[in-house]
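Colleague:
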Amino acid sequence: VQEFIQPSHIYAIRDAICQYPANLADMSLANITLETQCFIKIAKGYLALSYDSINGLLYYSENVTRSIGRVQLRRGSFTDTIIRGVGEVRGLAYDWTSENLYWTDNTYKWIMVSTANGKYQKVIVDGLTSPIGIAVHPNRGTLYWADPGRSVIESSYMNGDNRTVLPIEDISHPNHLFIDFRFDELFWADSGLNQVSSYNLKTGEIGVRFRQQSSTFFGLSIYQDYLIWTDQDKNNGIHVADISTGKKMRGILHPPFGQANDVISYDKANQPQFNVSCGNNNGNCEQICLQKKTNVHYCECGLGYTLSDDGRSCNSEIQRDDFLVVADSYQQHLYQIGMKTGKVNPIVTSELYRPIAVGYDPVTQKVHWTDNEAKVVKSASIYGTSEIVLQANPEVSTLDGLAVDYINRLLFITDTGLNQISVLSLSQSKYNKVIISEKLDQPRAIVVHPMKGRLYWSDWGDDARIETAAMDGSDRYVLVNFTTKSWPNGITIDVLENKLYWVDAFQDKIEVMDLKNSDITVVLQEEKAHYFGIVLLGDYLYFTCWIK
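Its first residue numbered 1, the sequence shown is counted upward by one per residue in UniProt numbering.
#1: Is Gly141 closer than 7 angstroms to Lys292 when the C-beta atoms are compared?
#2: Residues in its own chain within less than 7 angstroms of Asp211 by CB, not counting five upstream and five downstream?
#3: What three-state label does DSSP hand Leu73 in the structure shown?
#4: Under the assumption that Gln442 contacts Gly461 (Cβ atoms under 8 angstroms), give the Cβ distance between them as a whole number of angstroms.
#5: What is the DSSP secondary structure of Glu35, reduced to helix, strand or coil?
#6: How would you call Thr385, buried or exposed, if buried means at least 16 neighbouring beta carbons within 10 angstroms?
#7: Ala505: which of Tyr199, Asp415, Thr36 and Gln525 sits nearest, CA to CA?
#8: Looking at Gly311 and Cys299, is the spacing between their C-beta atoms short of 7 angstroms?
#9: Could you tell me which residues DSSP puts in a beta bridge with Asn200?
#10: So, with DSSP's three-state summary, where would you put Ser277?
#11: Determine, using beta carbons only, whether Val123 and Asp95 come nearer to each other than 7 angstroms.
#12: Would you identify the three-state DSSP class for Arg150, choosing helix, strand or coil?
#13: By how many angstroms is the C-alpha of His297 removed from the C-alpha of Cys289?
#14: If you scan the stretch 88-144 from start to end, which runs of the beta strand (DSSP E) of 3 or more residues do you find wholly inside it?
#15: Taking Asn261 as the reference, which of Gly283, Gly237, Ser114 and Thr65 has the closest Cα?
#16: Bridge partners of Val512, per DSSP?
#17: Out of curiosity, what's the CA-to-CA distance linking Asn419 and Met451?
#18: Starting from Pro167, trace the beta strand (DSSP E) both ways and give me its first and last residue.
#19: What is the rounded straight-line gap between the Cα of Met158 and the Cα of Tyr531?
#20: Helix, strand or coil for Asn282, going by three-state DSSP, please let me know.
#21: Looking at C-alpha atoms only, which residue of Gln332, Asn280, Thr294 and Arg320 is the closest neighbour of Leu303?
#22: Starting from Gly251, follow its DSSP beta bridges and name the residues at the other end.
#23: Does the distance from the C-beta atom of Asp405 to that of Val448 stay below 7 angstroms?
#24: Check the C-beta distance from Leu92 over to Val71 and give it rounded, since I have them as a contact under 8 angstroms.
#25: Please confirm whether Tyr330 and Arg84 have their CB atoms less than 7 angstroms apart.
#26: Quick check: what's the CA-CA separation for Pro488 versus Arg444?
#27: Is Thr107 closer than 7 angstroms to Glu88 when the C-beta atoms are compared?
#28: Does the Cβ-Cβ distance between Ala380 and Val363 come in under 7 angstroms?
#29: Grouping DSSP H, G and I as helix and E and B as strand, with all else coil, what is Asn489?
#30: Can you name the start and end residues of the beta strand (DSSP E) that Asp310 belongs to?
#31: Among residues of its own chain, excluding the 5 on either side of Val535, which ones have a beta-carbon nearer than 8 angstroms to its beta-carbon?
#32: Per the contact definition of three or more C-beta pairs closer than 8 angstroms, is the stretch 174-193 in contact with the stretch 280-288?
#33: Are Arg90 and Leu143 closer than 7 angstroms when you measure CB to CB?
#34: Is it buried or exposed for Pro355, if we count other Cβ within 10 angstroms and need 16 for buried?
#35: Give me the DSSP bridge partner(s) of Cys301.
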């Protein structure tokens, strides 16, 4: 397997992520095309880049899927989405000493931090105008970011405290940032003033380092004495200049190939080894360690957790009733959401890998869930205690749907890997049985009507449909045949009104069928949605969406 060479330059154009050798300034361009240089070409709207030089990982944001992913920098590696549900992420910064990832979000106007795998996430700065570039200085325990909407560069501690506007007057539209650790200087690309400037973090000295009237500087990196930048205007592409002489060396334009965005120099020298306290056993923090100074740090907790009195561990306060339970496979958690307060509380269980389907039994106060990486069905009390494995499944299983029948003490599970629906008893732990195994393509969600003794499930395969059967699998028939392309996902039933609701992730809508007369009506339709789960509670429908 061929590792990517360090140092080299990696840059994002909207439709691809590409690599150029370190000697971009004077290399031969024979045989060099975007086709040969681009190694990720899935057209997902790539905006921001960062990297981990120690582990050979590239982090990137995708604007189309509203997510952050990472990939091992080896030929043939697979990309891995680690964070979803973000807005437009225009800046990424990886702290290699604490193994944390920071990003600016232009949709939500905030800065977030997470652990390197995305598991624990926290908003640390909010109320921004249009944030873009972000850079970390672990040795100073400082974060820097550009907010061109207010024509400022700001700094704070790594946890967002001590927020300060840098005293820079000659600034218009700062985009991406770069810290040159050799000289302790912060550089920024300014598309409003057509220049790249620097701010000395020791002395406060400010200077213009390179100016070109025809350039709208956007992405920015430095390699040795070379300045590398991207331009998004008529010079759309990647460019190099010699900082010491102020002479432009080269520009590679690519008008037909999407907009040039962020650029990084993949180079260990840009991530020097600082001996900081977070680098030692995560600073004894249970979840997130954020540097304040070289030997001073804060412990922080991910979404929904509160920091304990010991200043290191994190706990969750579970509500007794009036809540929803959701599974978040990217943050690897089950969450309880208070109906009146909207407060999010993690349900603390043992290691979760990819929880997908979830059900709650109000009689026993137990949560049941599927984990599509561990290939298990599990259950625990709402407080996270008494956790057990209800069913272990073969490697090919993909358990997307689960329904709790708390009257008859049964659990129904769809398996799109094995194309089957099975039932297991919650009162006799060893009893489980496959009830349907024919003519299933992509079975997804399942819901039970205990009083009628019927099951309803969605199948988003080529011949998308919603079906129903008796609880033993007999008396099966198609309820809804979708004539246009549809991805029916979550379904829920109103047992009092005798209505069945479902979400359609392809058509971006929620529909309802009156089971008395088979009439179907659209409840809600939105642009750019990807609905997954839905549940009816009282007079309200609650649903999940992957990209909002």
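By construction, the Cβ of each residue, glycine as well, lies at the ideal position given by its N, Cα and C atoms.
Modeller: The structure says:
#1: Here residue 292 refers to the residue found at position 292 of the sequence shown. Here residue 141 refers to the residue found at position 141 of the sequence shown. Cβ distance < 7 angstroms, so Lys292 and Gly141 count as in contact.
#2: Looking up residue 211 in the sequence shown gives position 211. Per the sequence presented here, residue 211 reads as Arg, with Asp not at that position. Excluding positions up to five away in sequence, the list reads Asn194 and Gln195.
#3: As a working note, residue 73 is residue 73 in the sequence shown. Residue state, collapsed to three classes: coil.
#4: Taking the first residue of the sequence shown as 1, we reach residue 442 at position 442. Taking the first residue of the sequence shown as 1, we reach residue 461 at position 461. Right, their Cβ atoms sit about 4 angstroms apart.
#5: Indexing the sequence shown from 1 puts residue 35 at position 35. Glu35 falls in the helix class under three-state DSSP.
#6: Looking up residue 385 in the sequence shown gives position 385. With fewer than 16 other CB atoms across the displayed protein chains lying within 10 angstroms of its CB, Thr385 is exposed.
#7: By one-based count along the sequence shown, residue 505 stands at place 505. Closest by alpha carbon: Gln525.
#8: As a position in the sequence shown, residue 299 is number 299, starting the count at 1. As a position in the sequence shown, residue 311 is number 311, starting the count at 1. The answer is yes: Cβ separation under 7 angstroms.
#9: What you label residue 200 is simply residue 200 of the sequence shown in a count that begins at 1. DSSP output for Asn200 lists Glu185 as bridge partner(s).
#10: Reading the sequence shown from its first residue, position 277 is the one you call residue 277. Look at Ser277 here: in three-state DSSP terms it is helix.
#11: As a first step, residue 123 is located in the sequence shown; it is residue number 123 there, counting from the start. As a first step, residue 95 is located in the sequence shown; it is residue number 95 there, counting from the start. Not a contact, by the Cβ cut-off of 7 angstroms.
#12: Position 150 of the sequence shown holds residue 150. The DSSP-derived three-state label of Arg150 is helix.
#13: Position 289 of the sequence shown, counted from the first residue, corresponds to residue 289. Position 297 of the sequence shown, counted from the first residue, corresponds to residue 297. So the two alpha carbons sit approximately 7 angstroms from each other.
#14: Runs found: 89-95, 100-105, 110-115, 121-125 and 134-137.
#15: As a first step, residue 261 is located in the sequence shown; it is residue number 261 there, counting from the start. Its Cα nearest to that of Asn261, the residue Gly237 stands out among Gly283, Gly237, Ser114 and Thr65.
#16: As a first step, residue 512 is located in the sequence shown; it is residue number 512 there, counting from the start. DSSP lists Tyr501 and Thr521 as partners of Val512.
#17: What you label residue 419 is simply residue 419 of the sequence shown in a count that begins at 1. What you label residue 451 is simply residue 451 of the sequence shown in a count that begins at 1. Just so you know, the alpha carbons of Asn419 and Met451 end up roughly 27 angstroms apart.
#18: One-based indexing of the sequence shown puts residue 167 at position 167. Per DSSP, Pro167 belongs to no beta strand (DSSP E) and is neither H nor E.
#19: Here the question's residue 158 lines up with position 158 in the sequence shown. Here the question's residue 531 lines up with position 531 in the sequence shown. In a straight line, the C-alpha of Met158 is about 34 angstroms away from that of Tyr531.
#20: The residue you call residue 282 lines up with position 282 of the sequence shown. If DSSP states are grouped into helix, strand and coil, Asn282 belongs with the helices.
#21: Translated into the one-based positions of the sequence shown, residue 303 becomes position 303. That would be Gln332, whose Cα lies nearest to the Cα of Leu303.
#22: Mapped onto the sequence shown, residue 251 falls at position 251. Beta-bridge pairing links Gly251 to His239.
#23: One-based indexing of the sequence shown puts residue 405 at position 405. One-based indexing of the sequence shown puts residue 448 at position 448. Contact flag set, yes.
#24: Locating residue 92 in the sequence shown gives position 92, where the first residue counts as 1. Locating residue 71 in the sequence shown gives position 71, where the first residue counts as 1. Going by Cβ atoms, the distance from Leu92 to Val71 rounds to 13 angstroms, so no, they are not a contact pair.
#25: One-based indexing of the sequence shown puts residue 330 at position 330. One-based indexing of the sequence shown puts residue 84 at position 84. Less than 7 angstroms divides the Cβ of Tyr330 from the Cβ of Arg84.
#26: Stepping through the sequence shown from its first residue, residue 488 is reached at position 488. Stepping through the sequence shown from its first residue, residue 444 is reached at position 444. Using only the alpha carbons, I get a separation of about 8 angstroms.
#27: Stepping through the sequence shown from its first residue, residue 88 is reached at position 88. Stepping through the sequence shown from its first residue, residue 107 is reached at position 107. Yes, Cβ-Cβ distance for Glu88 and Thr107 is below 7 angstroms.
#28: The count along the sequence shown starts at 1 and reaches residue 380 at position 380. The count along the sequence shown starts at 1 and reaches residue 363 at position 363. Between Ala380 and Val363, the CB-CB gap reaches or exceeds 7 angstroms.
#29: Position 489 of the sequence shown, counted from the first residue, corresponds to residue 489. In this structure, Asn489 counts as strand in the three-state DSSP scheme.
#30: Here residue 310 refers to the residue found at position 310 when the sequence shown is read from its first residue. Going by DSSP, Asp310 is part of no beta strand (DSSP E) at all; its letter is neither H nor E.
#31: As a first step, residue 535 must be located in the sequence shown, where it is residue number 535. Counting only Cβ-Cβ distances below 8 angstroms, and skipping sequence neighbours, we find Leu324, Gly490, Thr492, Leu541, Tyr542 and Phe543.
#32: No, because fewer than three Cβ pairs between the stretch 280-288 and the stretch 174-193 fall closer than 8 angstroms, the two stretches do not touch.
#33: Here residue 90 is taken as the residue at index 90 of the sequence shown, counted from 1. Here residue 143 is taken as the residue at index 143 of the sequence shown, counted from 1. Cβ atoms of Arg90 and Leu143: not closer than 7 angstroms.
#34: In the sequence shown, residue 355 corresponds to position 355, counting from 1. Buried, since its Cβ has 16 or more Cβ neighbours within 10 Å.
#35: On the sequence shown, residue 301 is found 301 positions in, with the first residue counted as 1. DSSP lists no beta-bridge partner residue for Cys301.
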